[in-house]
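Student: So my numbering is basically just the index in the sequence shown, starting at one, shifted up by 618. Pasting a structure here, questions to come.
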Amino acid sequence: MKLELKKGLPIEVLFFAVTTFIFAVLTLFNLENLLLRIMTQASACLLMLFKGMHIISHQKEKLRMGYLFIGVAAFIFVVMINAIIVGYKTGAF
């Protein structure tokens, strides 16, 4: 039995794309809710991370773009941690 990697988008990327969109829409209606903003950032971070890993593993000619996606995911993660720290310091939670 031979195992082959699929060329399409994995289910994780599609799942995090949908959840990021849902959290973004909810954030637009509740601008003062910091928890929704953090959940949007976390979902976007995971989306970029899984997309970068997918590009690196399936499209060898686009390695730089895959690493760029992972770098953007790391930056979004730092911004999310900063939002959590600022939220706790200001008493937003």
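Glycine included, each C-beta is placed from N, C-alpha and C at the ideal position.
What is the DSSP secondary structure of E630, counted as helix, strand or coil?
Tutor: The residue given as residue 630 occupies position 12 in the sequence shown. Correct three-state label for E630: helix.
Student: Can you tell me whether E650 is helix, strand or coil according to DSSP?
Tutor: The count along the sequence shown starts at 1 and reaches residue 650 at position 32. Coil.
Student: So I640 packs on L667, CB below 8 Å; how close in whole Å?
Tutor: Counted from its first residue, the sequence shown places residue 640 at position 22. Counted from its first residue, the sequence shown places residue 667 at position 49. The pair is not a contact, with the Cβ atoms about 19 Å apart (cut-off 8 Å).
Student: Please give me, in chain order, every unbroken run of the alpha helix (DSSP H) with length at least 4 that falls completely inside the stretch 647 to 709.
Tutor: 652 to 676 and 681 to 708, all fully within the stretch 647 to 709.
Student: By a C-beta neighbour count over all protein chains shown, 10 Å radius and 16 as the cutoff for buried, is S661 buried or exposed?
Tutor: Here residue 661 is taken as the residue at index 43 of the sequence shown, counted from 1. Buried.
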